[in-house]
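K.L.:
Sequence order for the protein chains is A and B.
Positions 0 to 367 (numbering that gives the first Met the number 0) are the ones given, in order, by the first sequence.
Positions 0 to 370 (numbering that gives the first Met the number 0) are the ones given, in order, by the second sequence.
A virtual CB, placed ideally from N, CA and C, is assigned to each residue, including glycine.
Since this is a predicted model, take the numbers as computed values, not measurements.
My questions all concern the structure below.
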Amino acid sequence: MKRFFAFVKKEFFHIFRDFRTLLILFGMPIVQILLFGYVITTDLKDVQIAIYDPTPSEVTQGLVHKLESSGYFIVDQYLSSPDEAESAFKTGDIREVIIFEAGLAEKLQRDGKGDIQLLIDASDPNMGNLINQYTRGTILKYQQQINEGPAVSGGIEVESRMMFNTGLDSVYMFVPGTMALILMLISAMMTSISIAREKEMGTMEVLLVSPLRPLQIILGKVTPYVALSFINAVTIIVLGNTVFGVPVKGSLLLLMAESLLFILLALSLGILISTISKTQQVAMFISLFALMLPTILLSGFIFPIESMPEILQWLSVLMPPRWFIVIIKNIMLKGAGMPFVWKETLILLAMITFFIVMSVRKFKVRLE
Amino acid sequence: MRTISYILRKEFTQIFRNKTMLPIIFIVPVVQLVVLVFAANMELKNIDVTVVDRDKSSTSQRLIAKFSGSPYYNVTFSEASIDKSVDDLYADQSDMILHIPQNFERDLYNHKHTDLQVLINAINNTSASLMNGYTQSIVMDFNKNILLKISQRQPPMTDQFKMESSFWYNPELNYKIYMLPGILVVLVTVIGMFLTAMNLVREKEIGTIEQINVTPIRKHHLLIGKLVPFWVVAIFELAFGLSIGYFFFDLPIEGSLVSLFGFGCIYLLVALGIGLFLSTITDNQQQVMFLAYFFMLTFILMSGIFTPADSMPEWAQTINYINPFYYFIRAIRMILLKGSAFIHVLPEALSLLSYALIIFSLALWRYRKTV
Chain A
0 MKRFFAFVKK EFFHIFRDFR TLLILFGMPI VQILLFGYVI TTDLKDVQIA
50 IYDPTPSEVT QGLVHKLESS GYFIVDQYLS SPDEAESAFK TGDIREVIIF
100 EAGLAEKLQR DGKGDIQLLI DASDPNMGNL INQYTRGTIL KYQQQINEGP
150 AVSGGIEVES RMMFNTGLDS VYMFVPGTMA LILMLISAMM TSISIAREKE
200 MGTMEVLLVS PLRPLQIILG KVTPYVALSF INAVTIIVLG NTVFGVPVKG
250 SLLLLMAESL LFILLALSLG ILISTISKTQ QVAMFISLFA LMLPTILLSG
300 FIFPIESMPE ILQWLSVLMP PRWFIVIIKN IMLKGAGMPF VWKETLILLA
350 MITFFIVMSV RKFKVRLE
Chain B
0 MRTISYILRK EFTQIFRNKT MLPIIFIVPV VQLVVLVFAA NMELKNIDVT
50 VVDRDKSSTS QRLIAKFSGS PYYNVTFSEA SIDKSVDDLY ADQSDMILHI
100 PQNFERDLYN HKHTDLQVLI NAINNTSASL MNGYTQSIVM DFNKNILLKI
150 SQRQPPMTDQ FKMESSFWYN PELNYKIYML PGILVVLVTV IGMFLTAMNL
200 VREKEIGTIE QINVTPIRKH HLLIGKLVPF WVVAIFELAF GLSIGYFFFD
250 LPIEGSLVSL FGFGCIYLLV ALGIGLFLST ITDNQQQVMF LAYFFMLTFI
300 LMSGIFTPAD SMPEWAQTIN YINPFYYFIR AIRMILLKGS AFIHVLPEAL
350 SLLSYALIIF SLALWRYRKT V
């Protein structure tokens, strides 16, 4: 046991001696949460548009003003011919061109009808859709305003309640995902590389002939990372709570226990990766490709799993972060307890068992 | 020149000799591209809605029929109380609960007004607002007819302004052709930047850098020799990924391929240059990997690949000036989807070019032939 602690101490020294890595290790969760909280938004804001208005009138100016004061749009330029739309789009910044028909105001008075053409840059389909909806909405509002007609009242009134995230903050969605990402990264990637490193440098041989048992070597390798990952998990929760007001509605104890479970899972995955890779480079690329992009894209972190094709939905079942994210969301945001997370917890446990059994079978006490 | 060609030969031999790395370099990215393009989808379909119908009148049934008729909704019914049905939201069985209260129809006909409760799982704020939008518009539509029937009033004029929208560059609103170029940029960069960064550090770690240092190889010879192989590999991947997009995903290539690859070459100089620079300031592979990973993740998320860069706060857009991803993702989408010419992305290209110069000078300056 004393030997084991000496070994763990050595590992801690390795980590703490490397100041740069340490800085990133602790800085990363902070930077990511701040990024997600402040930068990554899907809201429509300050979309640059161009206007073609051959016959400026009170009506068209009122419309333009209404669009600008909505906060969604900024009129960047007035075109002198509708043909300029194409080059306006191609230089990149204009997302919509609004074309008023000639003599719009007069036609409106005479026939009660006027044509407006909306040309939308839909290369980003979501944005295109949103821009279309918001523009139409704004123009309709203006129409009601000039009509001063009685608003349609009565009928069925929809009373929507946004459960679990009343303010529709995007950071709610990202805190659980970031936790999964960071824990996966630190635990799985760091362990796999650190073990592969001993192999590559030849020091693994030294360790194997030492009185330390293989199990002790592995446990000694992962212990420091358990501690580091746990500190990071706590940092993310505290930061999310204090800066962005993401609540922890459920039991904190359960949340911590589940995080620990996920850390263990990531570590066992890291060990498995290290047993099948001979060099750090291989370990790193497996971690990177097998962990990073799928963790971001296949886990429901950013993109909803339900919208994926069937095959990918099945594939996402194999992704450990997917289950962890569900657990975190349920405990933190919904305030649910064990009855709503036991299934996911069991899946994580099963995955841990699988990874450990596989690693034990693959682990070689001898080096070729 | 001879020296460089020898180093190049050594590097290429090392790349193709490594049988574990070869599939990682050439096959894995392709698989990723195909899988991830399908995964990266913001479209909302299959909304699971649990209907709690307390009224069971013909009106409520007609309203529900509106929902089941829409391609967006999967309707299931719940006979339990509203409090019990909310459990469906907790258990992720359903995304939304539609509660039709008792006397829904009676209130509507007698008081011309009635409430409809909708509970939405809003953890994903984007999906939640979309769901709310769809629901509101279905109900509004339904409302129009009902109101006409019960009040016999003339419907208000709603179509004074006749609006006609045309969606340019992507009329079918196909999300895949929008995401594919972005994911391709990420993959190409990961391969290029990481391979470069790990390569030099590896020589340091194993100690072979000292052997190189005592040879007459000059600093810039070595750096060029280290860079070119991965540059070639990355450009090859770019071409390969584009062909996959073109043949399997109907990716349009509106602009000229020459300007795309011209831009790509400049971009890769920057990406690889960053890898090179990182490798000069670190001592082992774990360190460099971690540094590279950190910057990449931050840059990718800020680049506008998933969320529009235009809606980011001012300071974030300023940071984006040093984000190489931002330039290339923007340019590749402009060239492929909109058919922008090189002149349209010239400012971006020039920025990247000066970026490359700076990063190479830094790398050259930081690289020491002494240990």
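Do you know offhand how far Thr-125 (chain B)'s Cα is from Ala-121 (chain A)'s?
P.N.:
C-alpha separation (whole angstroms): 18 Å.
K.L.:
Thinking C-beta only, is Leu-7 (chain B) closer than 8 Å to Phe-15 (chain B)?
P.N.:
No, the Cβ-Cβ distance between Phe-15 (chain B) and Leu-7 (chain B) is not below 8 Å.
K.L.:
For the structure I just gave you, are there three or more beta carbon pairs, one from the region 80-99 of chain A and one from the region 160-176 of chain A, closer than 8 Å?
P.N.:
Cβ pair count under 8 Å is below three, so no.
K.L.:
So which of A:Asn-329, A:Met-337, A:Met-318 and A:Lys-333 has the shortest CA-CA distance to Ala-349 (chain A)?
P.N.:
Comparing Cα positions, the closest option is A:Met-318.
K.L.:
Specify the secondary structure class of Phe-103 (chain B) as computed by DSSP and reduced to three states.
P.N.:
Looking at Phe-103 (chain B) - three-state DSSP - the assignment turns out to be helix.
K.L.:
Which partner residues of Ser-250 (chain A) appear in the DSSP bridge assignment?
P.N.:
Its beta-bridge partners do not exist; DSSP assigns none.
K.L.:
Please report whether the beta-carbon of Ile-217 (chain A) lies at a distance below 8 Å from any beta-carbon of chain B.
P.N.:
Not one chain B Cβ lies under 8 Å of Ile-217 (chain A).
K.L.:
I need the straight-line Cα distance from Asn-164 (chain A) to Ala-121 (chain B), nearest angstrom please.
P.N.:
Near 5 Å, if we compare the C-alpha coordinates of Ala-121 (chain B) and Asn-164 (chain A).
K.L.:
Tell me whether the beta-carbon of Asn-169 (chain B) lies closer than 8 Å to the beta-carbon of Gly-127 (chain A).
P.N.:
Cβ atoms of Asn-169 (chain B) and Gly-127 (chain A): closer than 8 Å.
K.L.:
Between which residues of its own chain and Pro-215 (chain B) is the CB-CB distance below 8 Å, once the five residues before and five after are set aside?
P.N.:
The answer, listed in chain order, is Thr-2.
K.L.:
Quick one: which chain B residues come within Cβ less than 9 Å of Tyr-171 (chain A)?
P.N.:
Ala-121, Ile-122, Asn-123 and Asn-124, listed in chain order.
K.L.:
Could you check what DSSP says for Gln-92 (chain B) in three-state terms: helix, strand or coil?
P.N.:
Reduced to three states, the DSSP call for Gln-92 (chain B) is coil.
K.L.:
Give the DSSP-derived three-state secondary structure of Arg-196 (chain A) in the structure shown.
P.N.:
Helix at Arg-196 (chain A).
K.L.:
Leaving aside the five residues before and after Phe-284 (chain A) along the sequence, list all residues of the same chain whose C-beta is less than 7 Å from its C-beta, in chain order.
P.N.:
Excluding sequence neighbours, Phe-284 (chain A) sits near nothing in its chain.
K.L.:
Expressed to the nearest angstrom, what Euclidean distance is found between the alpha-carbon atoms of Glu-305 (chain A) and Asn-45 (chain B)?
P.N.:
Those two C-alpha atoms are separated by around 7 Å.
K.L.:
Out of B:Tyr-5, B:Lys-111 and B:Leu-118, which has the shortest C-alpha to C-alpha gap to Leu-147 (chain B)?
P.N.:
Closest by alpha carbon: B:Lys-111.
K.L.:
Between the region 342-362 of chain A and the region 263-279 of chain A, do at least 3 Cβ pairs fall closer than 8 Å?
P.N.:
The region 342-362 of chain A, when compared against the region 263-279 of chain A, does touch it at the 8 Å Cβ threshold.
K.L.:
Assign Ile-304 (chain B) to one of three DSSP states: helix, strand, or coil.
P.N.:
Note: Ile-304 (chain B) maps to coil in three-state DSSP.
K.L.:
In terms of residues, what are the limits of the alpha helix (DSSP H) holding Met-162 (chain B)?
P.N.:
No alpha helix (DSSP H) contains Met-162 (chain B), which is instead part of the beta strand (DSSP E) from 160-167.
K.L.:
Using a threshold of 8 Å, state whether the C-beta atoms of Ala-195 (chain A) and Thr-294 (chain A) are closer than that.
P.N.:
No, they are not a contact pair.
K.L.:
Give me the residue from A:Asp-110, A:Thr-352 and A:Thr-90 with the minimum Cα distance to Met-333 (chain B).
P.N.:
Of A:Asp-110, A:Thr-352 and A:Thr-90, the residue nearest in Cα terms is A:Thr-90.
K.L.:
Using a Cβ cut-off of 9 Å, which residues of the region 195-215 of chain B contact any Cβ in chain A, in chain order?
P.N.:
If the cut-off is 9 Å between Cβ atoms, the region 195-215 of chain B has Met-197, Asn-198, Arg-201, Glu-204 and Ile-205 near chain A.
K.L.:
Could you tell me whether the Cβ atoms of Ala-355 (chain B) and Leu-237 (chain B) are closer together than 8 Å?
P.N.:
Against a cut-off of 8 Å, the Cβ pair of Leu-237 (chain B) and Ala-355 (chain B) comes out as no contact.
K.L.:
Assign Gly-136 (chain A) to one of two classes, buried (16 or more other C-beta atoms within 10 Å of its C-beta) or exposed (fewer than that).
P.N.:
Answer is exposed; the Cβ neighbour count stays below 16.
K.L.:
Where does the unbroken alpha helix (DSSP H) through Ile-295 (chain A) begin, and where does it stop?
P.N.:
Taken as a continuous stretch (DSSP letters only), the alpha helix (DSSP H) holding Ile-295 (chain A) covers 292-296.
K.L.:
So the alpha helix (DSSP H) Val-227 (chain B) belongs to, where does it begin and stop?
P.N.:
Here the alpha helix (DSSP H) through Val-227 (chain B) covers 218-247.
K.L.:
My understanding is that Val-184 (chain B) touches Ile-23 (chain B), with C-beta atoms under 8 Å, so please give their C-beta distance in whole angstroms.
P.N.:
Not really, about 19 Å apart at Cβ, beyond 8 Å.
K.L.:
What does the alpha-carbon distance come out to for the pair Met-192 (chain B) and Val-85 (chain B)?
P.N.:
Approximately 48 Å between the Cα atoms of the pair.
K.L.:
Can you give me the C-alpha to C-alpha distance between Gln-135 (chain B) and Asp-54 (chain B), rounded to a whole angstrom?
P.N.:
C-alpha separation (whole angstroms): 20 Å.
K.L.:
Quick one: is Phe-11 (chain A) near chain B, going by C-beta distance under 8 Å?
P.N.:
Not an interface residue.
K.L.:
Taking C-beta pairs closer than 9 Å, name the residues in chain A that Gln-116 (chain B) reaches, listed in chain order.
P.N.:
Under the 9 Å cutoff, chain A gives Val-157, Glu-158, Ser-159 and Arg-160.
K.L.:
In angstroms with no decimal places, state the Cα-to-Cα distance between Asn-329 (chain A) and Val-189 (chain B).
P.N.:
Rounded to the nearest angstrom, the two C-alpha atoms are 33 Å apart.
K.L.:
Decide if the region 73-88 of chain A is in contact with the region 26-38 of chain A; the criterion is three or more beta carbon pairs, one per stretch, under 8 Å apart.
P.N.:
Counting Cβ pairs under 8 Å, fewer than three are found: no touch.
K.L.:
Does the pairing of the region 251-268 of chain A with the region 269-280 of chain B give three or more beta-carbon distances under 8 Å?
P.N.:
Too few Cβ pairs lie closer than 8 Å, so no.
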